[in-house]
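Residue numbers (our numbering), protein chains in the order written: chain A, 1 to 66; chain B, 10001 to 11085; chain C, 20001 to 20057.
Ideal placement from N, C-alpha and C gives every residue a C-beta, glycine not left out.
One structure is given here, and the rest of the page talks about it.
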Amino acid sequence: MAKNEPKILSFLCNWCSYGAADLAGVSRMEYPPNIRVIRIPCTGRMSPKFILAGLRQGADAVWVSG
Amino acid sequence: MITFKLNGQTVQGEEGQYIIHVAEKYGVDIPTLCNHKALEPAGMCRICTVELFDGRRSRFVTSCNYPIWEGMEVTTDSELVREGRKLIVEMLLARCPEVPAVQKLADDYGIKEIRFKKGDDTCILCGLCTRVCEKMGAKAISLTGRGVDMKVDTPYHLITDACIGCGACASLCPTGHITLDKINTEHTNLNTQLIPSEYEMGLKGRKPIYVPYAQAVPNTPAIDRDVCVHFKTGGCQICTEFCGVDAINHDMEDEIVELEVGSIILAPGFKPFDPSQFDVYGYSKHPNVITSMEMERYLSASGPTGGHLIRPSDHQEPKKIAWFQCVGSRDLNRCDNSYCSSVCCMYAIKEATIAKEHAGENLDCAIFFMDMRTPGKEFERFYENAKEKHGVRFVRSRVHTIDPLPGGNELSLRYVTEDGKAITEEFDMIVLSIGLETPPELVDLAGRLNIELTPGNFAKTDSFNPVATSRDGIFVCGAFQGPKDIPQSVIDASAAAAAAGEMLTIARNTMTKKKDIVPETNIVGERPKIGVFVCKCGTNIAGVVDVPAVRDYAANLPYVEYVNDNLYSCSQDTQETMAQIIQQKNLNRVVVAACTPKTHEPLFQETLINAGLNKYLFEMTNIRNHDSWVHKNNPELATEKAKDLVRMAVAKVALMEPLIETELTVNQTAMVIGGGISGLTASKSLADQGYETHLIEQNSQLGGQAVNLFHTAQGDNIQQRLSELINSVEKNDNVKIHLDTKISNVDGFVGNFTSTLSSNGSTQELEHGIAVLATGAAPYTPTEYDYGKNPKILTTLELDQKLIADDPMLKKLNSAVFIQCVGSREPERQYCSRVCCTHSIENALELKKLNPDMNVYILYRDIRTYGEKEYLYRQARETGVIFIRYSLDDKPLVAAKDGNITVTVTDHVLGRPMELDVDMVALATAIIPYGDEKLANFFKVPMNEDGFFIEKHAKLGPSEFATDGTFLCGMAHYPKPIDESIAQAKAASSRAVTLLSQKTIFSSGTIAEVEPMKCAACGVCVSVCPYSAPAFNEEGRFAGKAEINPVLCKGCGLCVASCRSGAIHLKGFDTDQIFSQIFELEEAI
Amino acid sequence: MKNMLEHTGIEPGRLHFSWISSAESTKFVDVVTKITDEVKALDPANKKYVKTEPKVD
């Protein structure tokens, strides 16, 4: 993996952002391939521990989207 | 099969294939400008040149039209090939120096300067256009001339009948040499345009094969026969060559299907009014005059401009936008629609607010209106916020002249303000708030079905049967019943379903089929054996992501026993194969890497069930929508991403456990609280659908507020219809009426409620499966306008009583005044009571009927006779009722002295106070909710700040609560007239029957569960849950600890995140499962 | 959360929150692109926050 390709750990709400990501695909839009998606049932499920764990595992950034 | 060498690698292809196709299959990229999968190759651009070694010597061939043969050796990227291509590109660039596609190639091949004589052509003579034209069956263009004079042209360079204006040449042209303009000027007189997208209001083009919009159901593409070239010429059919599953069949014909049905529901909707027939607005002349529907698209994030607000003439950001209300509504002069379209005021305010949010504070939004009609739930507050917080300007005026200004962008408006000042103002854009209309084809349909229509061409219904048409068994809902907004349409829809259900009760479950169930394998204690299926989705995934590489990668992940790739994982035969493999290999966990779980998870879970596996031993990861489709120019990183996603899914699925969907028996009894019109209707509807219903009323008689009412807006005699309704409920064996009864306690949850009923000191327990809250509302008792000090000052409800009693004093009145908005639309009660304008006008007309010489005044703020109630307003004006507008800060004054009443009001036209000596003042008082907190707590349902219950969803769930098993209707939801209350009562019953008709219900498996040993009983989960699922355990070993009701839990995880002691687990999304996904990230770094 | 990260020496640019409705695909793409660009501008994390065993001399 190239050095300048950061990994962004993404927590996407099943009903909102995950759907938006699906639609972005259907619409054949393009965006950088750096996000790694974890589907969560709702942003209410998010715990700060997930964010810290992600960074500790070496993610360059964490993105939470509802 | 032919075997040969490609760049040293041994590859295979079919007899007759060309080199470029085999190369593509093996992921070897060969540049080309003239090749197209569906067209015969021509070898025109020559960029696809490769080096061929035939065993003796090397030579150059064009790979797009050179067939493969056994033993050949092909090199696609040798130094010589690159040099050769570089020269070709340089010559192309010399011919067409300004063409981006050629410039990009030149860049790729490092061409800095052109050594040949530069031309200024834009055509590279690739011949795609001529070949596709022939394929279309047209043959309108060909390559003409020879050598340097060769060009693409029509015969004799003339406009030709052979051109069908399909635009295929323009769409394939790689350089932009052929455009629609060129076709229209040089090829044909057909004036070819993009096919306007209906969904985007023609602001964008669409293809002949299209999905109408992103959320369309079914979400499969359709071919538009009217524009598809194949149906015109018999040619083309390119689509069939691209479809990997042979789904396209051009020979399909329309079928006539006969169905035997017990009832019909009409929900055909409306057509937005077409303003192009009005010269005065210049809609068809000026690009910056648009309709509100077009504005919706401009404001939409997925619209033609991506939500960027522009004015159409020059695509600049507008600074001032004006909305014109009542275009095609409340207008008898220009069109025949004299009704109010009900929705336009609210959507105009919404659009203005969103426009300001998009474009910022400096955008000036002005709404030109006659009466501002925001009588819906939470609408008045929205209106006030638009005015006060967002600074939307509201101008009470009809603009009489629009003058386009020189330059073609701005428009100058002339209008007269209320106080008579003439104003000229410039705007960038005008939005016409167009109304709702029944299109002529629906009028025809109504004729064929033999149902009556109203004067406005809506289906005729009566107040007590608001969804029944004039013909038995045919029901109607939505805007075909009358112009209405989404919540009201949804209410109607459920009501129509209930009305149809009442008729069809005996036929219920007579045509159902039963499914075979495969017994579930017990996998507890087994080591995970994971099967990974990677989907190619035709070329949708495989075209970008290296699927075999992902598959092989997955094979080496921990616990993975089986891997495979499928062409289409979702196809019927693949599903069967998957089920077989799961059984043969004894797999106990499955990962599918394919498209989105939002649409396909249930399908694969079904496969698991068919293979005897618990459906939760499954994880789906999205390598299409989230990967191949969005990273098509980055196949390498897309493949990396797919591997990461698969690894994360494998890690998670290993931790998945079989989950149980709790089964719950539903008590088939219903309880309805409130014996008014809504409660009575809901009870009758539930009883008619075969369910035992208990109707609870706190008073000693049924009827609620309706006992005080005289006529409905349609003139129905309320007392007569009400007693008929009460009678039918009392006679219905399925209804048990409990008068003088209150609820003193409620236990339980959906399907299993136990309520304690208290009546005259005695209590009784009632077990029921669902509850409908129809508790109604009460009239406001005014403290203003000297109410109570003089018998001639009364409320409109008291006037109704006099009308019912036919009080002789009414005939003797010489003058009467109605004062509107008494207690409504006040700062402390910021809502409109919805019914009062119509009610007062109805009563005013009644008074005029009793004594035509009576002077009747209505003092109002905005007249809100929405829908076809507008006819009453017109009738009142024609009959001589005088309407005088007042404002909130200058209310009328009522002075009663010695039996005489003087009302002083500032006339809005003259701006001067007017004194009216009147014999009677009728106050149109607000409707006040009971705000019964105790009841709300019993059922764990919320109330808004005014005290009305809050429904599950303002638009899509208006007749039910978020808490399962509880429903609402009538004025407890919001003030509404009788027809709307009845519709909502039927809607609540319809929603309730969806539960009652199932003997048992299943919870989802992905729900939260408390580990009682860890629970600290802090109660955070109980307070945060929006669905009231957690509660404190009252008895047993874990008394005092929280417990989550699996049936109520929606699996959102809010309680899990908020639990301080980590006692709550969300099955399927548990902490360790999410952590496992996070931990898999490490390897990616 | 951002404050906490800053306290521990992690740049706030490494944590992003957003709200996107399921119809807002354009916004989704904009946000992903923006975040990726911002993160690329930061130094690679280079596992610098990865938990390491304390060194024993």
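>> Does any residue of chain B have a CB that is nearer than 7 Å to the CB of C42(A)?
In response: yes
>> Between H20016(C) and chain A, is any beta-carbon pair separated by less than 7 Å?
In response: Yes - at least one Cβ of chain A is within 7 Å of the one on H20016(C).
> According to the neighbour-count rule (16 or more other Cβ atoms, all chains shown, within 10 Å of its Cβ), is S10569(B) buried or exposed?
Replying inline: Its Cβ being crowded by 16 or more others within 10 Å, S10569(B) is buried.
> Near T10122(B), what residues of its chain come up, given a Cβ to Cβ distance below 6 Å and the 5 sequence neighbours on each side ignored?
Replying inline: C10096, V10099, T10175, H10177
> If you scan the stretch 10918–10949 of chain B from start to end, which runs of the beta strand (DSSP E) of 3 or more residues do you find wholly inside it?
Replying inline: 10920–10925, 10927–10929
> Where DSSP assigns a beta bridge to L10413(B), which residues make up the other side?
Replying inline: I10402(B), E10425(B)
> Taking 7 Å as the CB-CB limit, is K20040(C) close to chain A?
Replying inline: So yes, K20040(C) belongs to the interface.
>> Quick check: the stretch 10667–10687 of chain B against the stretch 10951–10964 of chain B, are at least 3 beta-carbon pairs closer than 8 Å?
In response: no
> Does DSSP put Q10012(B) in a helix, a strand or coil?
Replying inline: strand
> Which class does E10657(B) belong to by DSSP, given the choice of helix, strand or coil?
Replying inline: Residue state for E10657(B) is assigned as coil, using DSSP reduced to three classes.
> Taking DSSP as the reference, what is the three-state secondary structure of A10038(B)?
Replying inline: coil
> Once you ignore the five residues that flank K10005(B) on each side, which residues in its own chain have a CB closer than 6 Å to its CB?
Replying inline: Hits under 6 Å: E10073.
>> Can you tell me whether D20037(C) is helix, strand or coil according to DSSP?
In response: helix
>> Taking the beta strand (DSSP E) that C13(A) belongs to, which residues open and close that run?
In response: Note, C13(A): beta strand (DSSP E), 8–13.
> Hey, V10327(B) and S10433(B): beta-carbon distance below 7 Å or not?
Replying inline: yes
> So, is G10674(B) buried or exposed, given that buried needs 16 or more other C-beta atoms within 10 angstroms?
Replying inline: So G10674(B) counts as buried.
>> Can you give me the C-alpha to C-alpha distance between H10036(B) and E10636(B), rounded to a whole angstrom?
In response: 24 Å
> Where do the N-terminal and C-terminal ends of the alpha helix (DSSP H) with F10084(B) fall, by residue?
Replying inline: Looking at the sequence provided, one finds Gly at residue 10084(B) rather than Phe. Looking at the DSSP string, the run of the alpha helix (DSSP H) that includes G10084(B) is 10079–10095.
>> Ignoring anything shorter than 3 residues, give me the beta strand (DSSP E) runs that lie fully in the stretch 10964–11003 of chain B, in order along the chain.
In response: Every beta strand (DSSP E) stretch that sits fully inside the stretch 10964–11003 of chain B and reaches 3 residues is listed by chain position as 10966–10968, 11000–11002.
> How many whole angstroms separate the CB atoms of A10983(B) and P10466(B), which I take to be in contact at a CB cut-off of 8 Å?
Replying inline: 5 Å
> Around the Cβ of I11050(B), are there at least 16 other Cβ atoms within 10 angstroms (buried) or fewer (exposed)?
Replying inline: Rather than Ile, the amino acid found at residue 11050(B) in this sequence is Lys. When all chains shown are included, K11050(B) counts as buried.
>> Here's the rule I'm using: 16 or more other beta-carbon atoms within 10 Å means buried, otherwise exposed. How should F10961(B) be labelled?
In response: It counts as buried.
> DSSP three-state call for N10900(B): helix, strand or coil?
Replying inline: strand
>> Short of 6 Å in beta carbon distance, which residues of its chain neighbour P10404(B), apart from the five on each side in sequence? Order them along the chain.
In response: H10286, L10411
> Taking the alpha carbon of P10929(B) as the point to measure from, which residue in Y10210(B), E10724(B), G10970(B), P10827(B) has its own alpha carbon closest?
Replying inline: G10970(B)
> Does the stretch 10135–10145 of chain B come close enough to the stretch 10219–10238 of chain B that 3 or more CB-CB pairs lie under 8 Å?
Replying inline: yes
> Where does the unbroken beta strand (DSSP E) through S10759(B) begin, and where does it stop?
Replying inline: 10752–10759
>> Below 7 Å on C-beta distance, what does D10644(B) contact in chain A?
In response: R36
> Name the chain A residues whose beta carbon is nearer than 7 Å to that of K10848(B)?
Replying inline: None at all; the shortest Cβ gap to chain A is about 55 Å.
> Expressed to the nearest angstrom, what Euclidean distance is found between the alpha-carbon atoms of F10419(B) and R10373(B)?
Replying inline: Before going further, note that residue 10419(B) is Asp rather than Phe in the sequence given. Answer to the nearest angstrom: the Cα atoms are 21 Å apart.
> For I10178(B), which residues does DSSP report across the bridge?
Replying inline: Answer is none; I10178(B) lacks a bridge partner.
>> At 4 residues or longer, what runs of the alpha helix (DSSP H) sit wholly inside the stretch 10666–10704 of chain B?
In response: 10677–10688
> What separation, rounded to the nearest whole angstrom, lies between the Cα atoms of F10464(B) and S10494(B)?
Replying inline: Straight-line Cα distance between these residues: approximately 16 Å.
> Which of helix, strand or coil does DSSP assign to T43(A)?
Replying inline: In this structure, DSSP gives T43(A) a helical state, which the three-state scheme calls helix.
>> I'd like the span of the alpha helix (DSSP H) that includes H10358(B), first residue to last.
In response: If you look at H10358(B), you'll find it in the alpha helix (DSSP H) that goes 10344–10359.
> Beta-carbon of I11078(B) versus every beta-carbon of chain A: anything under 7 Å?
Replying inline: yes
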